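**Student:** Numbering (my numbering), first residue to last: 2 to 577. For every residue, glycine included, the Cβ atom is placed at its ideal position computed from N, Cα and C. Keep in mind it's a predicted model, so treat the numbers as computed, not measured. Got a structure for you, written out below as structure tokens; questions coming shortly.
Put into structure tokens, the structure is as follows:
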């Protein structure tokens, strides 16, 4: 099972009188193992199938729960019983701590084999008797690393997106995410992200990128800037830009990051990158799903065959507080890179859930019958709790109209705010309202085609009418209904919460530092400060904390006097 190659497939051919050796039996096992690995890898993928949660037992220990995963070679990794580990005993811990980082570590699991049931073999020759085993036990190996996985393109996100490193040093990493391909004339998103990979530092970044065959806010450049931001180790910030792609038969959208137009400040150091980065995004005439499907079938064989070297599955990101030569586990994030494998049954459940949500969405949009005031030229539904507006507008035809003649309404404010909405139009004649083609009903006084032009930046639209037959009528009544394309999200603007600045702090013994409690939606809150435990230092009413004379990790809490359930805390590391 330590064989990582899938091919070629050869199986034993048996015949009467064949002499069998241990190689024949090894090949017999290898044939079926490789077939199963091929099935696992190509049909299911890489990641956690079930379980394998990582739970904090105490401040220095974790428990890996039972579960199953498939590795990058399709081998099954099985944890049959939960096991408790002291973090410092896991491989890689000392290396991370010695490098002076140690603010966090990724816990990974990989496939492993061990000999079981020692036996004696009189024909083993030079092989030591203690190295001969009667069984091979399939097992797993846990290790810690501070490096991210090197094969993100095989994740679900990687089916649609690519990521390019714009700049990287020992302190920060700047990456840009963009689609694998883009449809001609469509819009695309590109995200530039900055990550601190070392100790906390103040960072400023200015980047200017040139764009070809696309525009960002009607310009051929992307400008991104972060000014004097403070990032903790592992913290990220990102900015997303919308690009409008030209309508071209073929070609690529090119995004160039020119070193002369990139300035990076890390603390007191100013850096200028040396390497030029060029991003090419192919322009297609197919939608994202069709392009992704074709790209997957074209490349999956090569990617899997060339990337089946041993790689661990990332089970958790463990945040660590270092205390001189000791440590304390702060919190644990499960499956940080979303390495899951979805079974057919689970996918059926997800599909069922999506169908139910679409059914609810459709019902909320179209199961509403508006009561239109037919006596007014224009009517608005002013119910602020609905995401629909409707009305009737009268369009003047003068002394009548000829076939193919067009008329337009005044600008109508639909009342749903800026952004995309759906506009539905119909023709009103006395007590009758006609929907769809005007060629169907012969009793219509005015037969016409209807269209609407929506201005998403102003929240308004204009109705256009083109006559399909001549008419002597001097006006036409058009009923309209505007429906928001997305359901309104629950507002978070009234949520009350509190946090402390900074979120992490290291002090020397008997050193003072001013802590600030930030209250959201509580402008007149009274803050009560406290320290947890005896000999944990002291804190004044204005938030000035003074550390004790004994090194250690101490907790400080801020609480709202008016709403005691709202509070926040910070762990402070005190050193000699």
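For a test of the three-state rule: what should DSSP assign to residue 400, helix, strand or coil?
**Tutor:** The answer is coil: DSSP assigns residue 400 none of H, G, I, E or B.
**Student:** Throw me the rounded Cβ distance for the residue 559 and residue 518 pair, which I believe falls under 8 Å.
**Tutor:** Contact holds; Cβ gap of about 4 Å.
**Student:** Residue 391: which of 143, 417, 117, 398 sits nearest, CA to CA?
**Tutor:** Residue 417 is the option with its Cα nearest to residue 391.
**Student:** DSSP three-state label for residue 194, please.
**Tutor:** In the structure shown, residue 194 sits in a strand (DSSP, three-state: E or B).
**Student:** At what residues does the beta strand (DSSP E) containing residue 340 begin and finish?
**Tutor:** Unbroken run through residue 340: none, as it is neither H nor E.
**Student:** Helix, strand or coil for residue 305, going by three-state DSSP, please let me know.
**Tutor:** Helix, per DSSP.
**Student:** Kindly indicate which three-state DSSP category residue 279 falls into: helix, strand or coil?
**Tutor:** Three-state result, residue 279: strand.
**Student:** Out of 443, 312, 415, 502, state which residue places its alpha-carbon closest to the alpha-carbon of residue 458.
**Tutor:** Answer by Cα proximity: 415.
**Student:** What are the uninterrupted segments assigned as beta strand (DSSP E) that are 3 or more residues long and contained completely in the segment 447 to 473, given in chain order?
**Tutor:** Within the segment 447 to 473, the complete beta strand (DSSP E) runs of at least 3 residues are 449 to 456, 461 to 468.
**Student:** Is it a yes or a no for the segment 336 to 356 touching the segment 132 to 144, going by three-plus beta-carbon pairs under 8 Å?
**Tutor:** Touching, no.
**Student:** Who are the near neighbours of residue 66 in its chain, counting only those whose CB is closer than 8 Å to its CB and skipping five residues on each side?
**Tutor:** Taken in chain order, the residues that qualify are 52, 53, 54, 55, 56, 80, 83.
**Student:** Please name the residue, chosen from 259, 182, 158, 276, that lies closest to residue 246 on a Cα-to-Cα basis.
**Tutor:** The residue with the shortest Cα to Cα distance from residue 246 is 182.
**Student:** Applying the criterion that 16 or more other CB atoms from any shown protein chain within 10 Å of the CB defines a buried residue, is residue 232 buried or exposed?
**Tutor:** Flag for residue 232 reads buried.
**Student:** If we ignore side chains and look at the alpha-carbon of each, how far apart do residue 567 and residue 506 end up?
**Tutor:** When rounded, the distance between both Cα atoms is 22 Å.
**Student:** Where residue 492 and residue 209 are concerned, what is the direct C-alpha to C-alpha distance, given to the nearest angstrom?
**Tutor:** Since pLDDT at residue 492 reaches only 48, below the 50 mark, its modelled position is unreliable, and the value read off the structure follows with that caveat. Distance between the alpha carbons of residue 492 and residue 209 is about 35 Å.
**Student:** What residue range is occupied by the uninterrupted alpha helix (DSSP H) comprising residue 96?
**Tutor:** Segment 94 to 99, the alpha helix (DSSP H) holding residue 96.
**Student:** In chain order, what residues of the same chain lie with their CB nearer than 7 Å to the CB of residue 537, ignoring the 5 residues before and after it?
**Tutor:** Cβ neighbours of residue 537 beyond the five flanking positions: 549, 555.
**Student:** Quick one, are the C-beta atoms of residue 86 and residue 145 less than 8 Å apart?
**Tutor:** Taking 8 Å as the Cβ cut-off, residue 86 and residue 145 do not qualify as a contacting pair.
**Student:** Which of the three DSSP states is assigned to residue 179 in this structure?
**Tutor:** It is a strand residue.
**Student:** Nearest CA to the CA of residue 270: which residue from 499, 336, 279, 170?
**Tutor:** Among 499, 336, 279, 170, the Cα nearest to that of residue 270 is on 170.
**Student:** Quick one: Cα of residue 9 to Cα of residue 302, how far?
**Tutor:** So the two alpha carbons sit approximately 14 Å from each other.
**Student:** Once DSSP output is grouped into helix, strand and coil, what is the label at residue 8?
**Tutor:** Residue state, collapsed to three classes: coil.
**Student:** My parser needs the alpha helix (DSSP H) runs of 4 or more residues fully inside the segment 142 to 177; what are they?
**Tutor:** Listed in chain order, nothing qualifies, since the segment 142 to 177 has no complete alpha helix (DSSP H) run of 4 or more residues.
**Student:** Distance, Cα to Cα, residue 312 vs residue 73?
**Tutor:** Their backbone Cα atoms lie some 6 Å apart in a straight line.
**Student:** Going by Cα to Cα distance, which pick from 30, 334, 165, 342 is closest to residue 194?
**Tutor:** Here the closest residue by C-alpha is 165.
**Student:** Measuring alpha carbon to alpha carbon, tell me which residue in 321, 35, 393 is nearest residue 62.
**Tutor:** Cα-wise, what sits closest to residue 62 is 321.
**Student:** I'd like the span of the beta strand (DSSP E) that includes residue 514, first residue to last.
**Tutor:** Where residue 514 is concerned, the enclosing beta strand (DSSP E) stretches over 513 to 515.
**Student:** If we ignore side chains and look at the alpha-carbon of each, how far apart do residue 375 and residue 430 end up?
**Tutor:** Annotation note: pLDDT 42 at residue 375 (below 50); position unreliable, coordinate value reported separately. Rounded to the nearest angstrom, the two C-alpha atoms are 10 Å apart.
**Student:** Answer yes or no: do residue 202 and residue 177 have a C-beta to C-beta separation smaller than 8 Å?
**Tutor:** Not a contact, by the Cβ cut-off of 8 Å.
**Student:** Measuring only the C-alpha atoms, how far is residue 460 from residue 336?
**Tutor:** Taking the straight line from one Cα to the other gives about 42 Å.
**Student:** Output the distance between the C-alpha atoms of residue 525 and residue 562, rounded to the nearest integer angstrom.
**Tutor:** Cα to Cα, the separation comes out at about 10 Å.
**Student:** Using the DSSP secondary-structure output, state which residues sit across from residue 526 in a beta bridge.
**Tutor:** DSSP output for residue 526 lists no bridge partner at all.
**Student:** Do you know offhand how far residue 151's Cα is from residue 485's?
**Tutor:** For residue 151 and residue 485, the distance between alpha carbons rounds to 42 Å.
**Student:** Identify, in the order they occur along the chain, each residue of the same chain with its Cβ nearer than 6 Å to the Cβ of residue 278, setting aside the five sequence neighbours on each side.
**Tutor:** Same-chain partners within the cutoff: 167, 258.
**Student:** Starting from residue 500, trace the beta strand (DSSP E) both ways and give me its first and last residue.
**Tutor:** Its beta strand (DSSP E) spans residues 498 to 502.
**Student:** Assuming residue 396 contacts residue 476 under a Cβ cut-off of 8 Å, what Cβ separation, rounded to an integer in Å, is found between them?
**Tutor:** So it is a contact: roughly 6 Å between Cβ atoms.
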